[in-house]
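In my numbering, the protein residues as written are 1 to 187.
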Amino acid sequence: MDPPVVPRERLDGWRYVDETTERAFAAGPVSVDASTVRYERTGTEAPRPFCFASRLRIRPATAPNPALTALVERHARSGFRDRLAERDIEQIDHRGDREISVDDPSASRATLSTFRGVARFAGGGRGVPVEALIAVWVAGGYLLGGGAYPLDESAYPSGGNPTDARRELLGIVRGIESPPDRDGGDL
């Protein structure tokens, strides 16, 4: 299963990190696989901003519906918290959810969840506050996009700032699209 497409023109200054497909959730006969592509911002100090795009495949095939969407959103938020913790981000606080539009006119509006936490570095030292975003929406099947960036102005030595980082990340997320259907669909 191919991951979603992230428009190249929105990735200027970002470096491809990896692409994975993994079992995101399983309960009885139901399973959810996620195909994900990840990028990191180049030219910045740690903690580096990162972004990702994921496409879900649900088995048995089930059309998106309100109950399933709520379940996907809940598991996406929980899994995202775990991923942030794996990146040494602590004190993770869910700050709320809101709807945003995405660029694909045939897609649903996305539910955007905002988190705040503190990135810790090996060997101790001071933590850096970060903001992390994850969005979930339907574009044929379920797509997810998000990432995180530091809130400390000193993390942007080239003149950027957290507001610019948020705007850039949201632009990347809004531009994520389903790949051409070469492998039997999303559901």
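Note that beta-carbon positions come from the ideal geometry of N, C-alpha and C, so glycine has one too.
Using C-beta distances below 7 Å, list every residue in its chain close to residue i, excluding the 5 sequence neighbours before and after it, in chain order.
i: Ala10; result: Here the sequence assigns Arg to residue 10, which means Ala is not the residue at that position. Result list for Arg10: Gly171, Ile172 and Gly175, in chain order.
i: Asp12; result: none
i: Val37; result: Pro3, Val6, Glu19, Phe52 and Ala53
How far does the alpha helix (DSSP H) with residue i in it reach, from first residue to last?
i: Phe80; result: Pro66 to Glu86
i: Ile172; result: Pro162 to Gly175
Grab the span of the beta strand (DSSP E) containing residue i for me, first residue to last.
i: Ile134; result: Val128 to Ala139
i: Gly159; result: Unbroken run through Gly159: none, as it is neither H nor E.
i: Thr111; result: Ala110 to Ala119
i: Ser106; result: Where Ser106 is concerned, there is no enclosing beta strand (DSSP E), given that its DSSP letter is neither H nor E.
i: Ala46; result: Run containing Ala46: none; DSSP gives neither H nor E here.
Taking 8 Å as the limit between beta carbons, can you name the residues of its chain near residue i, skipping five residues before and five after?
i: Arg109; result: Glu99, Ile100, Ser101, Val102 and Trp137
By Cβ distance below 6 Å, which residues in the same chain neighbour residue i in space, the five residues on each side in sequence not counted?
i: Asp97; result: Thr111 and Ser113
i: Ala132; result: Leu84, Phe115 and Ala148
i: Arg48; result: Glu40 and Arg41
i: Tyr142; result: Leu56 and Val72
i: Gly145; result: Ala53, Ala135, Val173 and Ile176
Decide if residue i is buried, meaning its Cβ has at least 16 other Cβ atoms within 10 Å, or exposed.
i: Arg81; result: buried
i: His30; result: A small fix is needed here, since residue 30 is Val in this sequence, not His. Counting Cβ neighbours within 10 Å, Val30 comes out exposed, since fewer than 16 surround it.
*Any contact of the region 60 to 67 with the region 151 to 162, i.e. 3+ C-beta pairs under 8 Å?*
no
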